[in-house]
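Report on one structure; see the data block that follows.
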Amino acid sequence: MTTTTALYDIPGPRTRQRHRLYGIASVLVIVALIAWIVYLLFSTGQFTAAKWTPFTYKGIQELLLTGLGNTLRAFGFAAVFSLAFGAVLATGRLSAHRPLRWVSTLVVEFFRAMPVLVMIFFIYVALKAEPLTALVAGLTLYNGSVLAEVFRSGVKSVESGQGEAAYALGMRKTQVMMHVLVPQAVRAMLPAIISQLVVALKDTSLGYLITYEEFLHAGKLIASNLDYGLPFIPVVMIISPIYIGMCMLLSWLANWVAQRQRRNPKVETAEVAPAEPGTLLPGAHRPPTA
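When we follow the working numbering, the leftmost residue of the sequence shown carries the number 863, and every step to the right adds one.
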């Protein structure tokens, strides 16, 4: 007989054996797919010395490092401005004043619907901005609008009784927001905030379309070099792990911040003393004790 849990039936011996076979078959398919890709790379000469020699030159290494630095620079500006812009728009959407709420909603919906590349090109071509300025501005307008909705939904997710109790204590709306609602909403908002920052980090690669010398632009210059046999695949194999590593580092940083926040005494659950009989009102009688 098979026992059950509250969510699902525990599989029996035949089901476990069938699942084991499915797992082995999946692993074999994945290994075969990887082997096929590696075979194609070798058969097309992607691992020849001529295609990998450029990465041993100091000039190529400096070009990649400069591009990586420019990418991190654009991301740093875009992340800070997006968080600030999103906080301002979220405050407007949560405002009790209807005109401010309407204007903030219009701005959020407009920039969320606009493609990032269109905004970057418009700022770069129509406003004749510098490549870095156009890239950061486009990323800020889009990601800030998305983060505004993240902030608003995070604050709204806090139980309404928390705000009502704060108002009953005589706190102003700003105090309720800063000391009661936002600290509790941060935990719910943090995964979505980090996900959107990862999107902003990856979208910095759009800067190469407006000649901003970021990481992808440096890789494009190397990959299009005829002297090295157009090493497109080697460039991808160098750049992709670095982008993945930066995104993983950002996720790790978010987890570290979340753990620090859970250990913060300001947000830890406080123990409440058991209720005791207080002072009786005039005319009231204390109930008899057993």
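Every residue gets a Cβ at the ideal spot worked out from N, C-alpha and C, and that includes glycine.
Inter-residue distance for Leu994 and Gly1069 is about 8 Å (C-alpha atoms, whole angstroms).
Secondary structure at Pro1045: helix, using DSSP grouped into helix, strand and coil. When rounded, the separation of the alpha-carbon atoms in Trp898 and Ile1101 is 22 Å.
The Cβ neighbour count for Phe1013, taken over all protein chains shown within 10 Å, is at least 16; the residue is labelled buried. Annotation for Arg963: the continuous alpha helix (DSSP H) segment containing it runs 960-975. Residue burial is scored here from C-beta neighbours: Ala1010 has at least 16 other C-beta atoms within 10 angstroms and is therefore classed as buried.
Here the alpha carbon of Arg963 sits roughly 5 Å from the alpha carbon of Gly954.
The beta carbon of Gly1006 sits closer than 6 Å to those of Ser944, Phe947, Gly948, all from its chain and outside the five residues before and after it, given in chain order. Excluding sequence positions up to five before and after Leu903, its CB lies within less than 7 Å of the CB of Phe909, Ile1095, all in the same chain and listed in chain order.
In this structure the region 960-975 does not lie against the region 1024-1032, because fewer than three pairs of beta carbons, one per stretch, are closer than 8 Å.
Apart from sequence neighbours up to five positions away, the residues of its chain that approach Ser966 with a beta-carbon distance below 6 Å are Leu951, Gly954, Arg955, ordered along the chain. Each of Ala1080, Val1097, Cys1109 was checked against the Cα of Leu926, and the nearest Cα belongs to Ala1080. The residues Gly1081, Ile1084, Ala1085, in chain order, have a CB closer than 7 Å to that of Val1097 in the same chain once the five nearest residues on each side in sequence are set aside. Taking the CA atoms as reference points, Asn932 sits about 17 Å from Pro1103.
In this structure, the beta-carbon distance from Val1017 to Ala1047 falls below 7 Å. Taking 7 Å as the cut-off, the Cβ atoms of Tyr1004 and Val978 count as close.
In terms of Cα proximity to Arg1034, the closest of Val889, Arg882, Lys920, Ala958 is Ala958. As the crow flies, the alpha-carbon of Val1044 is around 50 Å from that of Pro875.
In this chain, the alpha helix (DSSP H) harbouring Ile922 covers 920-955. Distance from the Cα of Thr1002 is smallest, within the candidate group Gln1037, Tyr901, Leu1063, for Leu1063. In the three-state scheme derived from DSSP, where H, G and I count as helix and E and B as strand, Ile872 is classed as coil.
With a minimum length of 4 residues, the unbroken runs of alpha helix (DSSP H) contained wholly in the region 1042-1119 fall at 1044-1065, 1077-1085. Boundaries cannot be given for Leu1031, as no alpha helix (DSSP H) includes it and DSSP labels it neither H nor E. Cβ-Cβ separation between Ile1056 and Leu1112: approximately 6 Å, consistent with a contact (criterion under 8 Å). Within its own chain, the residues whose Cβ lies closer than 7 Å to the Cβ of Val1038, once the five positions on either side in sequence are excluded, are Gly1025, Ala1028, Tyr1029, listed in chain order.
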